Every structure is written in C-alpha cells, then in structure tokens.
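Engineer: Next up is a structure, given as structure tokens.
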Amino acid sequence: MASIRQVQVTFDCAEPRRVARFWCEALGYVLQPPPEGFGTWDDFDSSQPPGDRGSWAVCKDPSGVGPRLYFQRVPEGKTAKNRVHLDVRVGTGLVGEERLAALEAECARLLPLGAVRGQLLLADEDNESCLNMQDVEGNEFCLD
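If you want it as structure tokens, here you go:
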C-alpha cells in the first residue's frame, strides 16, 4: 500500500485571492505563478468566462516543505465553526511568559493584515498556551 507524501489544504471562501494573500503573508508563502502562457493573473482571468474569473488561488511554501493551500470560491458564506483548522506554530519549544510573548507578537503582526484575535487559552496540565484567531474571511486558526 502506498503512503501519502503530500497534503493540500483547501479553503472555501468568497474572495480566493484576498484570502490567499493573507495566508502568504501569515506563513511566508508565495502565490503560485499564473498558468503557462499568461504574464499575470489578470491576463489569465481575462481569458476565462466572467463567472470563472478569480474563482481560485493557490499559495505554496517556497521551500517546498509545507502543504500547498488552495482557495476556491463558493457561493455560500461561512455558517459554522471550521471542522479543520491550521495551527500556526510560532511558540514551539517555548513555555510560560516566553511562549505568551511569542503568541502576542505574532498576533500583533497578523492583525494589520486583517486577522481577528480570538480567545487566549492559557496552559494547563496537558496543553501549552495558544491563541485562537480568524483570517480575513473568518476561518479559525490557532497561534500555537
């Protein structure tokens, strides 16, 4: 039986490019170049039927280590809590005040990009502190 070597995370959203740009900034990812034969994404979009323009975007880890993120336009809005979310690992190996400072610093960096701060969950016997947040369209993620 073959094992899976790559994972893509797909986001349903209203504005794929806007959400993709947020995640590029948040993770240090880059937008995927436009399809071959097109100099820009605007050139590609102008070749598509009006309803398909801007319907998807992709960002990827420039080092090739992290998963590819795919953003697809869907007609319905977000109505409930995500069943899956990303943990952005900014505090790995840190504990106590040092970890809280790392979480707060990353939160402060993401807020001007359109992120929304959620609840800070303090460390307990089983878990280290983490900070719940939302991206520009309300998709939950954690600073961990």
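Okay, so the sequence shown: first residue is 30 according to the numbering used here, each after it adds one. All residues carry an ideal CB built from backbone N, CA and C; glycine is no exception. Remember, it's a predicted structure, so these values are computed and weren't measured experimentally.
1) Going by DSSP, what residue range makes up the beta strand (DSSP E) through A109?
2) Just the C-alpha distance for E126 and W70, rounded to the nearest angstrom, thanks.
3) Mind checking who N161 pairs with in its DSSP beta bridge?
4) Counting along the chain, where does the beta strand (DSSP E) carrying G83 start and finish?
5) Decide yes or no for the touch test of the stretch 64-78 against the stretch 121-135: beta carbon pairs closer than 8 Å, at least 3 of them.
6) Would you mind stating whether D81 and Y58 have Cβ atoms separated by less than 9 Å?
7) Spell out the partners DSSP gives V59 in its beta bridges.
8) In three-state terms, what does DSSP make of P73?
9) Between which two residues does the alpha helix (DSSP H) holding R138 run?
10) Where does R34 sit, in a helix, a strand or coil, going by DSSP?
11) Could you pull the start and end residues of the beta strand (DSSP E) that D116 belongs to?
Structural biologist: Here's the rundown:
1) Residue 109 sits at position 80 when you count from the first residue of the sequence shown. That residue, A109, is in no beta strand (DSSP E); it is neither H nor E in DSSP.
2) Within the sequence shown, the letter at position 97 stands for residue 126. Within the sequence shown, the letter at position 41 stands for residue 70. Those two C-alpha atoms are separated by around 44 Å.
3) What you label residue 161 is simply residue 132 of the sequence shown in a count that begins at 1. For N161, which the question treats as bridged, DSSP gives the partners C171.
4) Looking up residue 83 in the sequence shown gives position 54. Run containing G83: none; DSSP gives neither H nor E here.
5) No, the stretch 64-78 does not touch the stretch 121-135.
6) In the sequence shown, residue 81 corresponds to position 52, counting from 1. In the sequence shown, residue 58 corresponds to position 29, counting from 1. Not closer than 9 Å, so no.
7) Within the sequence shown, residue 59 is the residue found at index 30, counting from 1. According to DSSP, which records beta bridges pairwise, V59 is partnered with K89.
8) One-based indexing of the sequence shown puts residue 73 at position 44. Before going further, note that residue 73 is Phe rather than Pro in the sequence given. Residue state, collapsed to three classes: helix.
9) In the sequence shown, the residue the question calls residue 138 occupies position 109. That run of the alpha helix (DSSP H) goes G125 to L139.
10) The residue given as residue 34 occupies position 5 in the sequence shown. DSSP places R34 in coil when its eight states are reduced to three.
11) Locating residue 116 in the sequence shown gives position 87, where the first residue counts as 1. Start and end: L115 to V117.
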